Each structure stands twice: as structure tokens, then as C-alpha cells.
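Each remark here refers to the structure printed beneath this line.
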Amino acid sequence: MIAIGTMLIAYLQHTCGMFRISSYRIKRVMKINMLQNMTLKNENLIFKEIISAIDIHRQAMKLSELLVSKFEIMLFCLIGVGVISLSLNLFRIFQIRASEDNINEFLFPAISVISCILYMFISNYIGQDVINHTDHVFITAYSIQWYLAPLHIQKIILFLLQRNAKNFTLGVGGLFIGSLECFATLVKASVSYFTVMYSVQ
């Protein structure tokens, strides 16, 4: 579980790097001095670089979607197991505290709670990082002076802007989107299940 999770994190960090490269190439090629000295050679260079940046962006999106789709069932199960484990371990901690049992029994559930929260946070943080990097491509394409470029280059940049107008997210099972908001929702659900179990006791 840890090895696969670490490998998935490394691959998703790689896609974040690809998004950053795409942003950098867009920003670099659309410098003002390139746009002011517009020759046929510069125009072709800008066109090729923009196409290259869009291709890297597309490949990063496809790789992210492929990775999540291949691990989707496992991730969906891990989310369920994580929420249940967190709820049950919180319940066990409060049982030990209420009955004043041996403090050594308190240690294992506490470590389990910390590891569940940490695992959920890291998983969702990586999803949030991918969202932030795709947004950075959009912000970069939006903030450059694309309107000074020739018309056919403007159309390509508008295509990129339209593609990124809708947020790119990593969804698991159609229910969960890897983000810090989802992390908060999962922890909130775990605490809610714990309070229900504790009140029923």
C-alpha cells in the first residue's frame, strides 16, 4: 500500500512538473520583444513553441487521468477503509480514556489515527497540487499579452484558455475529488461516524 502510494505520488509530481514546463514555455515564447520584432521566422518559432506547450499540457492531463483510472478501485477502497479505520480508532481511544485502561492500549489507536489522517492528507494534497498546477497554466496563458500575437497564434492560445476554463481535477469513483476540501470532508465524515458510535454506546 505504501509502495504503490509513493509511486503514484511520484508520477503525479511528474505530471505537475509537466504542467509547470508547459506554463514556462508559454510564458517564455510570448515575451514582448518577440512580439514586437515579429518576422516570419519569429512567428513560426512562436507557433511551434505554443503547439509544443499545448502538447505537453495535453500529455500531462492524459497521464494524470490514466494513473487515477488504473488505481481507481484501490483508491476508492482505501478511502472507505481510511474513513472506517479513523472512526473506529477514535472510538477506541475514547473507550480507553473513559474506562481508564492501560495507557499502552492507547498507543496503537493513537498511532493509527495519526497515520490515517496523514495518509488522507497526503493523498488529497497531491490532488490539490495537480489542480493548482493546471490552474497555473491557465493563469499563465491568460496573463501573457497573447492579443499582440498574430491571429492564428491567438486562436491557439484561446483554445488553451477554453480548455482550462473548466477545472481539471482527479476524481475517484465519481464521488471524491483529490483536494484539500475533500480531505476536510473525509475527516468530517469520520468524526461524524465516531460521534454516532459514541452516542449509541
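Positions 356 to 556 (my numbering) are the ones given, in order, by the sequence shown.
Ideal Cβ positions, reconstructed from N, Cα and C, are used throughout, including at glycine.
Please read all numbers here as calculations on a predicted model, not as lab measurements.
- No Cβ-Cβ contact shorter than 9 Å links Cys471 with Ser547.
- Residues of the same chain with a CB within less than 6 Å of the CB of Ile451, apart from the 5 flanking positions on each side, are Glu460, Phe461 in chain order.
- Boundaries for Pro505: no alpha helix (DSSP H) harbours it, and the DSSP string shows neither H nor E there.
- DSSP places Ile406 inside the alpha helix (DSSP H), whose first and last residues are 395 to 425.
- With a cutoff of 9 Å on beta-carbon distance, Ile401 and Val384 are scored as near each other.
- For Phe531, the three-state secondary structure derived from DSSP is strand.
- For Phe493, the enclosing alpha helix (DSSP H) begins and ends at 458 to 498.
- The distance from the Cβ of Ile411 to that of Ser377 is about 4 Å, consistent with a contact at the 8 Å cut-off.
- Contact annotation: the region 423 to 430 does not touch the region 534 to 541, with fewer than three C-beta pairs closer than 8 Å.
- Considering only Pro464, Ile512, Pro505, the residue with the shortest C-alpha distance to Thr394 is Pro505.
- Counting only residues of its own chain and dropping the five nearest sequence neighbours on each side, Gly533 has a CB closer than 6 Å to the CB of Asn479, Gly482, Leu525.
- Straight-line spacing of the CA atoms in Gly372 and Val436 works out to 31 Å.
- Annotation: the continuous alpha helix (DSSP H) that includes Thr361 extends over 357 to 384.
- Excluding five sequence positions before and after Phe449, the CB atoms of its chain that fall closer than 7 Å to its own CB belong to Tyr553, given in chain order.
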